[in-house]
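The sequence shown stops at residue 838 when you use the numbering used here, and every number in between is there. Glycine included, each C-beta is placed from N, C-alpha and C at the ideal position. Keep in mind the model is a prediction, meaning the values are calculated, not measured. Working notes for the structure below.
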Amino acid sequence: MLDVLLQTKLYPPPRRSNLILRSQLLTRLDEGLARKLTLVSAPAGFGKTTLIVEWMAETTRPFVWLSLDEDDNEPTTFFTYLSAAISSIAGVGKALSNLLQAAQSLTAKSLATVFLNDVTTASPFGLVLDDYHIITNPDIHEAMTLVLDRLPPTVHLVITSRVDPLLPLSRLRARGELTEMRTNDLRFSTMEINEFLRVQTDLLLSPQMLAALETRTEGWIAGIHMAALSIRRMADADEVAQFIQDFAGSHRYVFDYLMDEVLTQQSASIRTFLLQTSLLDRFCAPLCDALLVHEPAPNSQAILIELEQANLFIVPLDNERRWYRYHHLFQDLLRQRLTETAVETDADADAIPSLYERASRWYEQQGNLETAFQYAQRGGHTALAARLLDAIALPMIGNSEITRVLNLIDLLPEQTRLCHVRLCLAHAWACIFSGQFTLADIVVTQAEQHLDQPSALPPDLPQPLLVALIATIRAYIGTRTSQLAEALQQSNVALAALADPRLITADIEASSYPRGSILLNLGMTYHHLADDVRAAEAAYRAALPVNHAANRPFAIVANYSNFMVLRQAQGQFDAALVLGQEAFTWISAQGGRHFPAEAEIREVLSAIYYERNDLAAAEQAMRMFDGVHYLASSHTVARSYLSPFRWHLAHNKLEDA
């Protein structure tokens, strides 16, 4: 699960005070609450987001909001933000949050199922997914199809998009479960254009000029907005009439024309600010100052206030007016102008990449290394990007962001990422957890090459520790591919490396040592591959205090789980129950967090109680298992049915069996 969430994605843009009230559209939206989905689908600049924000302010139903961006095209990230959005509704989102924190490899469908379970008992609320056209991942579309098919009547979904999403719209339409608002619905009428211009410019245009403006813009709100920015600076009606007659064509052409008009009217400092900050997805004054470092006395806070007061396509992202973004279409044009300006003026080829680098350095100073990585990568600063990802990839693996890590690694050239040993290790672990064992073996071999230059290794990764980490990965690959000899040999190599005297005096955090993971994997190897119960017991017993000392939550719970399965197989039920009690005492102290192996612990407890004919305790354990079954492997879920089946069979309750 993501460690740091961008909170501005979870809040709608503040409602503007000078909006045109669109009562007919608001009434249709209200009527649509009885259906499953409201789809607002139109090209950029037709006021989709503005309309929904206005409606949210008018309706009595509570709503939650999620602004989507390119990073959300990965199911875990998408559902992590979805979980954060719905968590503001009392009692909602806990199961999905627990699953995202606990599991290391998740399917979009499993996340969708838990999301549905989470919202089933909620009081009526609405969920807005803004800019859904950004989502292109078919797994997310499939998951959202499942959500729509089974969405409880208390939840209303709103999607804004530039294109129709790949969702079962025809089926929803046929069932009367879909409200649609499209381009023709959103166009400004002549009356609305008149009111908009009156509010924006204090000018009253003649009916002929209004009709001409409607014809030229086809009611396109962004075009009318841009026209208003130009018209309010004009001296008389004749100048306005000539201006309206001068532009025509497609939306993009009109906006292009108006863009030139608006930019020409700005001061040189404002134009520079707009162009250079257009590279930022979101921005605040200190970040803008960092980009404008070569400009004389930049005062970004004052400029941001001026831009918002001028209504110049800038969208506040919080009520404190700290973070902003540009209207997407306006930003696209600004970026295009920035590139054209760099070419026309024969600017330094590094001018635009240097802006990305400054943004990256600023985010790095704020401790937001993933966003820093993204700007470095966009600017072509691959060495900087690799260094940043090298610092966060292993912690991201620990937070179950497996697919996310693989996607970020794929953005870097292979030769660049191979220069960073921690990045190689993270890549190998991500491959293991995603079942790509052959690729994991290739990547760990690449990491092994760093052993040839021990003096070049990071201070917190001396050679003996790197040997141990590489051997640990190889041992895990061996265990998961049923290579008994390889798993045992590599485990012994790792343990021997950790005994190196150079590590005893090294100032390295205990959590960096893989001893607990090695011992746990060694126990699993003896247990499941070698069938050596005594050796497995010794390894599990030795691993438990080590994993506790290193504070490795996933390893701790997996340690208890595997040890309990072994005790159960030995018939040592009392010992298994003691381990289970220890496990739940520890889990209960983790602030409501759950773990994948927890489901197996509950299943083992239930099986033991059934064996002892303690039905009340068994059923209680099974109810607890049902609460975390979404964390369990398919093998554990299947096994959970065996104990009650056997009990009912033994007591001649064939129908129940």
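Report the three-state DSSP secondary structure of Gly307 (helix, strand or coil). What you label residue 307 is simply residue 126 of the sequence shown in a count that begins at 1. If DSSP states are grouped into helix, strand and coil, Gly307 belongs with the strands.
Give me the Cα-Cα distance between Leu550 and Tyr544, rounded to the nearest whole angstrom. Looking up residue 550 in the sequence shown gives position 369. Looking up residue 544 in the sequence shown gives position 363. Each residue's Cα considered, the two are about 7 Å apart.
Is the distance from the Cβ of Gly228 to the Cβ of Leu378 below 7 Å? Within the sequence shown, the letter at position 47 stands for residue 228. Within the sequence shown, the letter at position 197 stands for residue 378. Not a contact, by the Cβ cut-off of 7 Å.
Drop a sphere of 10 angstroms on the beta-carbon of Leu332, count the other beta-carbons inside from all chains shown, and report buried for 16 or more, exposed for fewer. Position 151 of the sequence shown, counting from 1, holds the residue named residue 332. It is buried - the Cβ of Leu332 has at least 16 other Cβ atoms within 10 Å.
The beta strand (DSSP E) with Thr360 in it runs from where to where? Numbered from 1 along the sequence shown, position 179 holds the residue referred to as residue 360. Residues 359 to 362.
Taking C-alpha atoms, which residue in Glu582, Leu592, Ser581 lies nearest to Ala564? Here the question's residue 564 lines up with position 383 in the sequence shown. Comparing Cα positions, the closest option is Leu592.
Using the Cβ count rule (16 or more neighbours within 10 Å means buried), how would you classify Asn199? Here residue 199 is taken as the residue at index 18 of the sequence shown, counted from 1. So Asn199 ends up on the exposed side.
Rounded separation between Ala703 and Ile590 - CA only: Sequence index remark: in the sequence shown, residue 703 carries index 522 (1-based). Sequence index remark: in the sequence shown, residue 590 carries index 409 (1-based). According to the sequence provided, residue 703 is Leu. The question's Ala does not apply to it. Their backbone Cα atoms lie some 29 Å apart in a straight line.
Can you check whether the CB of Ile374 is closer than 7 Å to the CB of Ile868? This structure does not reach residue 868, given that the chain is present from 182 up to 838, and the question cannot be answered.
Given Leu232 as reference, the closest of Ser459, Gln446, Pro334, Met362 once Cα atoms are compared: As a first step, residue 232 is located in the sequence shown; it is residue number 51 there, counting from the start. When only C-alpha atoms are compared, the closest one is Met362.
Buried or exposed: Leu277, going by 16 or more other Cβ atoms within 10 Å of its Cβ? Working through the sequence shown from its first residue, we reach residue 277 at position 96. The residue is buried, with at least 16 neighbouring Cβ atoms inside 10 Å.
Asp252: which of Gln555, Leu514, Thr189 sits nearest, CA to CA? Taking the first residue of the sequence shown as 1, we reach residue 252 at position 71. Nearest option by C-alpha distance: Gln555.
Does Leu647 come out as helix, strand or coil in the three-state DSSP assignment? Stepping through the sequence shown from its first residue, residue 647 is reached at position 466. Helix at Leu647.
Phe244 versus Asn365 - alpha carbon distance: Mapped onto the sequence shown, residue 244 falls at position 63. Mapped onto the sequence shown, residue 365 falls at position 184. Distance between the alpha carbons of Phe244 and Asn365 is about 26 Å.
Suppose you measure from the CA of Gln630 to the CA of Ala223; what does that come to, to the nearest Å? As a working mapping, residue 630 is identified with position 449 in the sequence shown. As a working mapping, residue 223 is identified with position 42 in the sequence shown. Computed Cα separation, rounded: 53 Å.
Assign Phe806 to buried or exposed, taking buried as 16 or more other Cβ atoms, counted over all protein chains shown, within 10 Å of its Cβ. Taking the sequence shown and counting its residues from 1, one reaches residue 806 at position 625. Residue placement at Phe806 is poorly supported in this model, since its pLDDT is 48, which falls under 50; the coordinates are not used for a value here.
Can you name the start and end residues of the beta strand (DSSP E) that Ile316 belongs to? Working through the sequence shown from its first residue, we reach residue 316 at position 135. Run containing Ile316: none; DSSP gives neither H nor E here.
Check for me: the alpha helix (DSSP H) holding His708 runs from which residue to which? Mapped onto the sequence shown, residue 708 falls at position 527. That residue, His708, is in no alpha helix (DSSP H); it is neither H nor E in DSSP.
Near Arg683, what residues of its chain come up, given a Cβ to Cβ distance below 8 Å and the 5 sequence neighbours on each side ignored? Residue numbering aside, residue 683 sits at position 502 when the sequence shown is read from its first letter. So the qualifying residues of the chain are Pro643, Gln644, Pro645.
For Val221, write down the residues that DSSP places opposite it in a beta bridge. As a working mapping, residue 221 is identified with position 40 in the sequence shown. Val221 pairs with Thr341, Met362.
Between which two residues does the alpha helix (DSSP H) holding Ile201 run? Counting from 1 along the sequence shown, the entry for residue 201 is found at position 20. Membership of Ile201 in any alpha helix (DSSP H) is not indicated, and neither H nor E is assigned to it by DSSP.
For Ser248, the three-state DSSP class (helix, strand or coil): Locating residue 248 in the sequence shown gives position 67, where the first residue counts as 1. Three-state result, Ser248: strand.
CB-CB under 7 Å to Leu348, same chain, minus the five flanking residues each way: which ones, in chain order? Start at 1 with the first residue of the sequence shown, and residue 348 comes out as number 167. Correct list, in chain order: His322, Met325, Thr326, Leu329.
Do you know offhand how far Gly400's Cα is from Arg452's? As a first step, residue 400 must be located in the sequence shown, where it is residue number 219. As a first step, residue 452 must be located in the sequence shown, where it is residue number 271. Whole-angstrom Cα-Cα distance: 28 Å.
Backbone CA spacing between Leu391 and Thr382 [nearest angstrom]: Along the sequence shown, read from residue 1 onward, the residue named residue 391 stands at position 210. Along the sequence shown, read from residue 1 onward, the residue named residue 382 stands at position 201. Distance between the alpha carbons of Leu391 and Thr382: 14 Å.
Strictly by DSSP, which residues pair up with Ile149? Nothing about residue 149 can be read from this structure; the chain reaches only from 182 to 838.
Could you pull the start and end residues of the alpha helix (DSSP H) that Tyr741 belongs to? Translated into positions along the sequence shown, residue 741 becomes position 560. 734 to 751 is the span of the alpha helix (DSSP H), which, as asked, contains Tyr741.
Among residues of its own chain, excluding the 5 on either side of Ile768, which ones have a beta-carbon nearer than 8 Å to its beta-carbon? Here residue 768 corresponds to residue number 587 of the sequence shown, with the count starting at 1. So the qualifying residues of the chain are Val738, Arg774, His775, Phe776, Glu779.
In chain order, what residues of the same chain lie with their CB nearer than 8 Å to the CB of Ala567, ignoring the 5 residues before and after it? As a working note, residue 567 is residue 386 in the sequence shown. Cβ neighbours of Ala567 beyond the five flanking positions: Leu593, Thr597, Arg598, Cys600, His601, Leu604.
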